[in-house]
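The numbering of the sequence shown is the working numbering, which starts it at 414 and goes up by one. Let me begin by presenting the structure, written as structure tokens, before commenting on it.
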Amino acid sequence: MQLGIIGLPLVGKTTVFELLTESANKNLNTAKANLGMARIPDDRIDYLSGIYKPKKTTYAQLEVVDIPGLAPGAEKTAGVFLDAVRRADALLHVVRVFSDQTVPDFDNDINPLKDIETINYELLLADLDLIEKRIERINSNKKKNNFLSELALLERLKEALENEIPLLAIELNTNEEEILTAYQFLTTKPLLICLNVSEDDLIKKEYRQREEVLQFALQHNLPVVEIAAGIERDLAELEGEEKEAFMQELGITESGIVKISQSMYRRLGLISFFTVGEDEVKAWTIEEGTGARKAAGKIHSDIERGFIRAEVVEYEDLKNLGGMNAVKEKGLFRLEGKEYVIKDGNIVHFRFNI
Ligand SMILES: Nc1nc2c(ncn2[C@@H]2O[C@H](COP(=O)(O)OP(=O)(O)OP(=O)(O)O)[C@@H](O)[C@H]2O)c(=O)[nH]1
Ligand SMILES: [Mg+2]
414 MQLGIIGLPL VGKTTVFELL TESANKNLNT AKANLGMARI PDDRIDYLSG
464 IYKPKKTTYA QLEVVDIPGL APGAEKTAGV FLDAVRRADA LLHVVRVFSD
514 QTVPDFDNDI NPLKDIETIN YELLLADLDL IEKRIERINS NKKKNNFLSE
564 LALLERLKEA LENEIPLLAI ELNTNEEEIL TAYQFLTTKP LLICLNVSED
614 DLIKKEYRQR EEVLQFALQH NLPVVEIAAG IERDLAELEG EEKEAFMQEL
664 GITESGIVKI SQSMYRRLGL ISFFTVGEDE VKAWTIEEGT GARKAAGKIH
714 SDIERGFIRA EVVEYEDLKN LGGMNAVKEK GLFRLEGKEY VIKDGNIVHF
764 RFNI
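Now the structure itself:
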């Protein structure tokens, strides 16, 4: 699963990428796609690590790619941009709200709503282009009659796109979903808007076009996160009390970066189960709905093959009782078979035999 960071030039994409992947000051090349891993902060892992004191603590991760900025009208970069977007599973659109005399802005105008629409429009156009080409090809095919249901579907999607409705918003039946698996649309990808505001905006909770942008997002069912990337970059250099004090001063209760990584993880339909022990406390990433046996395969194919049972404990039970022994004494410990659907926060130990 890959998260693509997109946006116009000089909006703070690379800054957000560096924050997500904890790779600040690496002097990243901004003209090409940078690839990295984002750690998904999880206070459940913090807690488990606190009680097991393992040699190693491993958080869930998500692959992130910093996609070069899209300058509308520049055909060459548009190709690179669209290719990279096509490979991503979800998109984070960084929108510039901060003003800074030293950072030139596109169009010499801070206009977040317009920027959101500009990028959305590029994605819509790319999908429309794909659909029109396909419709043309079907219409010129001698066996056109074999493709009538696909054609009808494409006409419907085309009409939606022409009305600036992203394909994610279209209800599809299973048959239609099946038809579309062959396509790689862009407006079907989960999209999160990240408003990169300045320090003052964050404190005042007010900035240019705030109402309009939030209204637009609500209308289009787009989640929004506000972040002051510049400040978070400074925050990332601090630790402990110093960090707390600075956050308090700014009125930040939760880092925007934490919110982004956690909500992208959820939007991608991903959940975590945990394995615990003195060697390692680890969060494993699976898609929601994954069965126990398949989840075991995340750890090792041998465990999947030789799967016997999954010993499952709820994180909340462990936390409430303070330790695994108390959980076992209370009998809050289950043995589950291979079809059991693993839940977010399950602490699992797999029994297997090879
Ligand atoms: N004041 C301020 N400056 C910021 C903020 N975020 C990023 N910048 C600055 O804006 C400039 C561009 O930031 P980048 O993160 O490189 O932006 P980008 O979108 O990756 O830019 P391109 O890759 O060139 O399109 C840098 O000088 C950053 O230090 C912010 O929140 N506030
Ligand atoms: Mg960049």
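The beta carbon of each residue, even a glycine, is placed where N, CA and C say it ideally should be.
Would the beta-carbon of residue i be found less than 7 Å away from any heavy atom of ligand 2?
| i | result |
| --- | --- |
| residue 426 | yes |
| residue 664 | no |
| residue 449 | no |
| residue 417 | no |
| residue 459 | no |
| residue 518 | no |
| residue 653 | no |
| residue 528 | no |
| residue 479 | yes |
| residue 750 | no |
What would DSSP say about residue i, mapped onto helix, strand or coil?
| i | result |
| --- | --- |
| residue 473 | strand |
| residue 609 | strand |
| residue 735 | coil |
| residue 586 | coil |
| residue 429 | helix |
| residue 709 | helix |
| residue 503 | strand |
| residue 435 | coil |
| residue 764 | strand |
| residue 623 | helix |
| residue 629 | helix |
| residue 510 | coil |
| residue 552 | helix |
| residue 591 | helix |
| residue 669 | helix |
| residue 740 | helix |
| residue 652 | coil |
| residue 568 | helix |
| residue 759 | strand |
| residue 662 | helix |
| residue 577 | coil |
| residue 545 | helix |
| residue 453 | strand |
Measuring alpha carbon to alpha carbon, tell me which of the options ends up nearest residue i.
| i | options | result |
| --- | --- | --- |
| residue 505 | 463, 456, 700, 676 | 676 |
| residue 571 | 625, 644, 543, 478 | 543 |
| residue 639 | 652, 547, 673 | 673 |
| residue 765 | 633, 710, 739 | 710 |
| residue 616 | 465, 575, 666, 525 | 666 |
| residue 754 | 722, 739, 730, 618 | 722 |
| residue 456 | 671, 703, 702, 747 | 671 |
| residue 533 | 550, 490, 512, 579 | 579 |
| residue 744 | 725, 466, 604, 705 | 725 |
| residue 420 | 756, 730, 494, 551 | 494 |
Just list the residues that DSSP pairs residue i with in beta bridges.
| i | result |
| --- | --- |
| residue 479 | 418, 447 |
| residue 747 | 725 |
| residue 698 | 685 |
| residue 604 | 504 |
| residue 720 | 765 |
| residue 637 | 606 |
Is residue i near ligand 1, with its Cβ less than 7 Å from a heavy atom?
| i | result |
| --- | --- |
| residue 766 | no |
| residue 423 | yes |
| residue 611 | yes |
| residue 647 | no |
| residue 511 | yes |
| residue 705 | no |
For the putative contact between residue i and residue j, defined by C-beta atoms under 8 Å, what is the C-beta separation to the nearest angstrom?
| i | j | result |
| --- | --- | --- |
| residue 516 | residue 426 | With 8 Å as the limit, residue 516 and residue 426 do not qualify as a contact, their Cβ atoms being about 13 Å apart. |
| residue 432 | residue 642 | 6 Å |
| residue 434 | residue 446 | In fact, because the Cβ distance is near 13 Å, the residues do not count as touching under 8 Å. |
| residue 480 | residue 418 | 6 Å |
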